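As structure tokens, the structure follows; a few thoughts come after it.
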Amino acid sequence: MNATRQPAVTEGGARAPGPTLPDGQAASSDGRDGALRQELLTLNFGPHHPATHGVLRLLVTLEGEVVRDLKPVIGYVHTGIEKTAEDKSYWKVIPVVERMDYLSYYFNAMAFCAAVEALVEVEIPRRAQYLRVIHLELNRIASHLIWLGTGALELGAVSIFLYCLRERELILDLFEMSSGQRMHTRYFQVGGVIEDIPSGFERKLREFLAVMPKRADEYGAILRSNEIVLQRLRGTCPLDAETLLGLGVTGPLLRAAGNPWDLRKAAPYSSYEEFDFKIPVGSVGDNYDRFAVRLAEIYESVRIIEQAIDGLPEGQFITTDRKVALPPRHELATSMEALIHHFKLVTEGFRVPPGEVYEPIESPRGELGCYVRSDGSSKPARVHMRDPSFVNLQALAHMVKGSYIADLIATVAMLDPILGGIDR
Amino acid sequence: MPDAPGLELLAKELGDAALETVYFRGRATLIVDPRRIRSVLAELRARGYGFLASVHGVDHYPEEPRLGVIYELLDMSRVDRVTVKARVPLEEPVIDSLTPDADDGPGWPTADHQEREIYDMFGVVFRGHPELRRILMPEDYEGYPQRRDFPVGGEPVFFTYNDPARRAASR
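This is the structure we're talking about:
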């Protein structure tokens with residue numbers, strides 16, 4: 001095409017008036033002079049679209065097939081969880097915050113419990129910390145499996161989705177064993193975990209740990225030898241680490257760009273410093289690196305769980321501080337104090353000293369921070385989750401500008417946003 | 001985190017922009033003048049706190065100044081966090097936006113969505129924000145739901161049944 005006939009694309013994606021001819025004469029609008037006319041097309045993508053990973057709406061400005069601008073529109077599943085939390089006593093907040101990012105519920109509970117524990121200054125028994133690590137890392141694998149399955153689905157690989165759900169079922173079975181629930185388990189409590197792991201859990205866990213790396217090898221082999229997947233991931237929509245940091249992006253997306261920032265290593269919590277694991281990093285930060293980093297994290301999580309179950313310390317699984325944690329069931333029949341504590345905890349809940357803390361942890365998607373402000377009563381005055389999906393979504397426009405719309409689909413898949421966490 | 005003397009030192013270096021320091025549970029918080037938020041954060045960025053981890057709002061009902069905006073800063077090389085807090089009164093809940101680049105230095109692009117969320121939930125107006133619109137609530141929503149005096153529940157659900165005019169029309 002003649003260069004002078006290129007459409008004038010204005011900054012910010014405004015609709016260009018049409019091509020201009022070199023002599024200032026207006027182009028004929030019916031195109032009968034043989035010139036190709038191009039104009040920007042604004043396409044509404046979602047909120048109900050199979051490739052948006054949830055109810056995400058994107059206003060995409062296209063020039064042909066090339067994305068020129070993109071605006072995410074969110075809030076479709078906003079349920080006011082942060083407001084609801086202000087109306088509940090601390091221990092009743094755990095199930096509502098678990099429902100924010102519905103694929104990493106253990107992480108939501110962990111961030112909230114860690115913030116409250118910092119306010120109350122309660123010590124967590126080492127066994128509880130190890131049990132938390134086991135469940136957090138199982139949850140990380142489950143979350144990455146859903147990402148891998150749905151991500152592959154969006155690239156056209158349907159069978160991977162079914163395979164990934166097969167392994168996820170094994171994890172949900174383990175969750176069901178330890179807590180009675182498959183999702184939103186409410187397993188983490190302020191001060192520890194609600195129950196010790198039952199007998200038989202370790203055997204099933206070890207069976208899972210033996211099978212998971214082999215399956216991850218298979219998924220890697222299937223996808224890495226698939227030319228279509230490689231074409232759609234390699235070199236598409238890269239973003240450098242500096243821009244990502246400016247946009248507040250953390251987690252696998254940042255690590256894919258080569259920055260090995262991981263709170264489990266940098267600022268260990270819940271005994272993470274006692275485990276030997278590596279942080280997978282990418283080199284160029286394209287979609288392939290994002291894929292490779294998350295797939296490699298599955299192996300590292302398996303290693304952490306192996307070490308945690310091998311070295312699981314004996315002792316309490318929840319703090320013995322009766323002001324915070326429920327007394328054991330058998331004590332209720334014999335101890336008056338236990339009965340009083342039980343009654344006070346279940347009716348009013350525990351009071352938390354006034355103050356405010358921000359407690360960050362490393363979720364499967366990046367820094368998940370929980371800010372809790374207490375006014376001294378038994379209900380929080382403010383609960384805020386710094387959800388990594390919400391912040392990471394800002395990087396999407398920077399990633400896809402100038403790429404094809406097919407790459408946009410691949411990038412949303414590799415961004416792994418969870419709309420429950422974004423909208424809260 | 002800077003320890004308690006380190007926090008005092010940091011506050012002294014910021015001069016009269018730092019109004020108060022709070023050292024609580026091993027966490028350092030600087031309460032600063034909302035009119036100078038951009039310069040304070042630029043100063044802290046020069047000291048290594050280059051990553052803005054989170055921005056969130058809080059309502060101190062019934063104390064004035066009621067609305068608070070909290071900035072969680074992180075120094076990734078020293079793994080050091082400091083919290084900066086600015087409080088604005090309810091009558092004039094205005095504070096400079098961190099999002100855009102301005103004459104006084106580069107902005108913090110990560111603040112974009114988070115400032116919009118605080119505007120949406122608390123009604124804090126971020127002066128200079130490129131696109132200050134509601135983000136989670138519907139655009140025609142009235143009120144700021146995360147304020148402490150905003151009631152929980154009792155809100156009519158948008159069904160035809162609840163709209164008298166449309167209900168009559170459907171009969």
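Taken in order, these protein sequences are the chains called A and B.
Residue numbering for the first sequence follows this note's numbering, beginning at 1 and increasing consecutively.
Residue numbering for the second sequence follows this note's numbering, beginning at 1 and increasing consecutively.
Where is the CB? At the ideal position from N, CA and C, for every residue including glycine.
Since we're looking at a predicted model, the values are computed, not measured.
- Taking 8 Å as the cut-off, the beta carbon of L155/A is found no closer than this to the beta carbon of F161/A.
- It is roughly 6 Å from the alpha-carbon of R234/A to the alpha-carbon of N287/A.
- Going by DSSP, F343/A is part of no beta strand (DSSP E) but of the alpha helix (DSSP H) stretching over 336-347.
- The three-state secondary structure of N226/A, taken from DSSP, is coil.
- Apart from the 5 residues on each side of it in sequence, K265/A sits with its Cβ closer than 7 Å to the Cβ of I279 in its chain, given in chain order.
- Within the region 70-83 of chain B, the residues whose Cβ lies closer than 9 Å to any Cβ of chain A are, in chain order, I70, E72, L74, M76, V79, R81, T83.
- Against chain B, the CB of R373/A has a partner CB under 8 Å away; the residue lies at that interface.
- Between the region 312-327 of chain A and the region 183-190 of chain A, the count of C-beta pairs closer than 8 Å reaches three or more; the two stretches touch.
- Per DSSP, G420/A is one residue of the alpha helix (DSSP H) stretching across 419-423.
- Taking C-beta atoms as the reference points, I134/A and A325/A fail to come closer than 8 Å.
- With respect to the C-alpha of Y299/A, the residue from N259/A, T250/A, M212/A having the closest C-alpha is M212/A.
- Within the model, the alpha-carbon separation for L70/A versus G200/A is close to 50 Å.
- Contact annotation: in the region 119-145 of chain B, residues whose CB is within less than 7 Å of a CB in chain A are I135, L136, M137, P145.
- Here the region 103-115 of chain B does not lie against the region 141-151 of chain B, with fewer than 3 beta-carbon pairs under 8 Å apart.
- Between A292/A and G285/A the beta-carbon gap is near 11 Å, outside 8 Å, which marks them as no contact.
- In the pairwise beta carbon analysis, the region 361-370 of chain A is classified as touching the region 248-261 of chain A: at least three pairs are separated by under 8 Å.
- Here F122/B has G57, D59, L67, Y144, Q146, R147 as same chain residues with Cβ atoms under 7 Å from its own Cβ, once five neighbours each way along the sequence are excluded.
- G421/A has its alpha-carbon roughly 9 Å from the corresponding atom of V77/A.
- E176/A sits exposed, since fewer than 16 C-beta atoms from the chains shown fall within 10 Å of its C-beta.
- Take M76/B, set aside five residues on each side of it, and the residues of its chain with a beta-carbon closer than 6 Å to its own are F51, in chain order.
- For P360/A, the residues of chain B that pass the 9 Å Cβ criterion are A53, S54, E72, L74, R81, in the order they occur in the chain.
- Excluding its 5 nearest sequence neighbours in each direction, A413/A has C-beta neighbours in its own chain below 6 Å: G151, E154, listed in chain order.
- About 6 Å separates the beta carbon of K401/A from that of V67/A, a gap short enough to meet the 8 Å contact definition.
- Sequence-ordered contacts of the region 343-360 of chain A with chain B read G355, V357, Y358, P360 [C-beta pairs closer than 7 Å].
- Note on geometry: alpha-carbon atoms of V125/B and E92/B lie some 9 Å from one another.
- Look at the region 54-130 of chain B and you find these whole runs of beta strand (DSSP E), each 3 residues long or longer: 67-75, 80-88, 94-96, 125-127.
- Across the structure, L165/A and A142/A are spaced so that their CA atoms are roughly 9 Å apart.
- Only V22, F24, R25, G26, R27, T29 from the region 20-43 of chain B bring a Cβ to less than 9 Å from some Cβ of chain A.
- Along the region 58-82 of chain A, the positions whose C-beta sits under 7 Å from a C-beta of chain B are I74, G75, H78, G80, E82, read in chain order.
- For V133/A, the enclosing alpha helix (DSSP H) begins and ends at 126-154.
- At least 8 Å separates the CB of L396/A from every CB of chain B.
- Contact residues of the region 118-141 of chain A toward chain B are A118, L119, E121 (C-beta to C-beta distance below 8 Å).
- Taking a C-beta cut-off of 7 Å against chain B, the contacting residues of the region 242-254 of chain A are L245, G246, L247, G248, listed in chain order.
- With a threshold of 8 Å between beta carbons, V391/A makes contact with chain B.
- By the rule that beta-carbons nearer than 8 Å mark a contact, V58/B touches chain A.
- Against chain B, the beta carbon of E367/A has neighbours under 7 Å at A53, listed in chain order.
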